[in-house]
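In our numbering, the protein residues as written are 134 to 451.
All C-beta atoms, glycine included, are put in the ideal place defined by N, C-alpha and C.
See structure below.
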Amino acid sequence: MATALGQGETVNSLWWDGTAAAMEYFTAGMDGVEIEWADETGGYGFGEEELYALDSDLHLVDPAWATTQENWNRNDIEEIADNVGPWFGNYYSRYHAAPSEEWADGYEYNSLWQLFEQVASLYGERARYEALASVRDDLLATVDATLPAESDRPTVAYLSVSTDLSSIYVLRLNAEGYWNTHTRPLGAVDAFADAEFDGAAFNQVDMEAVVETDPDAILALWTVTDSVDFDRLRQNLRDDPVASDLSAVQNDRVYAQGTRWQGPLMNLFQLEMMAKQLYPDQFGEWPGYENGDTYPEFGSDDQLFDHGRVTEILGGTR
């Protein structure tokens, strides 16, 4: 969100760098867009002394989540808010999970773009938010007007799969929450819609369970980064005696994906990418992904949103 608001340089610490690799994939072709916070990663976790040392004006962290971490309670949260800077986050809106009992009363769930609007207000960047929200509105209108009838939509398995196929996790495709901001609008049929998640974000399954549902397409999460050998993953699926029976494997419909942890920029690109992957006849063919690729350059007629306009918004010229 900070990057989308032209404020990426304000991020002085983050706990995990996985999102940076995905951001770089999607924004590599956008002139002047940098991921300034990519090298600000520390170790996972945080303590009061660290937050005092950072002396941040704002902590983009959900205090309800923070109190689930070691050595943190509500009094500690209030101390940091009073002496360093306020907290702002909405962690449990990721899939409308339940916060701890002490925070449950009055906890509000927000969409990705509702949160972005609030963060933009905190940064004093309302105009950039409105410009990007307008792009998103146009994109959603294009998607809504172009989607085929529900009866003509593919079944999709949304998976996190290790390259060697030793672990497979199923994610909900059309669930509430900001993790599905790019999947819900496309209205594909969740191949695991009847699975019981018991309040969890995902379920571990074996390859036999995937074959049993036999989805038309597989979306493989976290695969547009240098840390994942997507070419090897696809080849392993073809070579595996069980996975090779999958229609998605036989029809070359295993698609690379970014991340659930998305801000507004990645949301725009991931919506466009997935629309082309799942509905090539309606939105144009997705060119595929090979290890080390960056997001493909589409001509203006093939873009589902105006990439140039977004670049101008980020540069402050639109």
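The beta strand (DSSP E) with residue i in it runs from where to where?
i    : result
N336 : F335 to V338
T444 : Counting along the chain, T444 falls outside any beta strand (DSSP E), though it belongs to the alpha helix (DSSP H) covering H440 to G448.
T288 : T288 to V294
Q304 : This sequence places Leu at residue 304; Gln is not what is there. Segment I301 to L304, the beta strand (DSSP E) holding L304.
V276 : Segment R259 to T279 is the alpha helix (DSSP H) holding V276; no beta strand (DSSP E) there.
A389 : V387 to A389
What do you get for residue i, buried or exposed, if any count of 16 or more other CB atoms within 10 angstroms of its CB means buried?
i    : result
S226 : buried
Q410 : buried
T450 : exposed
G391 : buried
P348 : buried
G178 : exposed
Y185 : exposed
D323 : buried
W355 : buried
T279 : exposed
P429 : exposed
W148 : exposed
N208 : exposed
E341 : exposed
G176 : exposed
A161 : exposed
E405 : buried
G432 : exposed
A282 : exposed
A290 : buried
P413 : exposed
T427 : exposed
N216 : exposed
How close, in whole Å, do the beta carbons of residue i and residue j come, if the pair is a contact with beta carbons under 8 Å?
i    : j    : result
L304 : S293 : 7 Å
F438 : L272 : 4 Å
I210 : T200 : 6 Å
A266 : W246 : 6 Å
N424 : F363 : 6 Å
A350 : Y302 : Wrong, their Cβ atoms sit about 17 Å apart, outside the cutoff.
V276 : A154 : That pair is no contact at about 26 Å.
L366 : A353 : 7 Å
Y311 : S233 : Y311 to S233, Cβ: 20 Å. No contact.
At a Cβ threshold of 8 Å, is residue i touching chain D?
i    : result
K409 : The question asks about chain D, but that chain is absent: this structure has only one protein chain.
Residue i lies in the alpha helix (DSSP H); which residues open and close that run?
i    : result
Y256 : L245 to Y256
Q436 : First-last for Q436: undefined, no H or E at that position.
F416 : P413 to F416
D215 : R207 to N216
V235 : It should be pointed out that residue 235 corresponds to Glu in this sequence rather than to Val. First-last of the alpha helix (DSSP H) with E235: E234 to A237.
W198 : P196 to A199
| message | Would you call the region 426-445 in contact with the region 398-414, where contact means no fewer than 3 C-beta pairs closer than 8 Å? | response | yes
| said: My parser needs the alpha helix (DSSP H) runs of 4 or more residues fully inside the region 348-384; what are they? | reply: 363-372 and 380-383
| Counting pairs of Cβ atoms below 8 Å between the region 307-322 and the region 362-377, do you hit three or more? | no
| query | Does the region 325-338 come close enough to the region 227-235 to have 3 or more Cβ pairs within less than 8 Å? | reply | yes
| field | Three-pair Cβ contact test at 8 Å for the region 184-194 versus the region 160-170 | value | no
| Three or more beta-carbon pairs under 8 Å between the region 252-262 and the region 138-155, yes or no? | yes
| field | Runs of alpha helix (DSSP H) lying entirely within the region 135-194, each at least 4 residues, in chain order | value | 151-160 and 181-187
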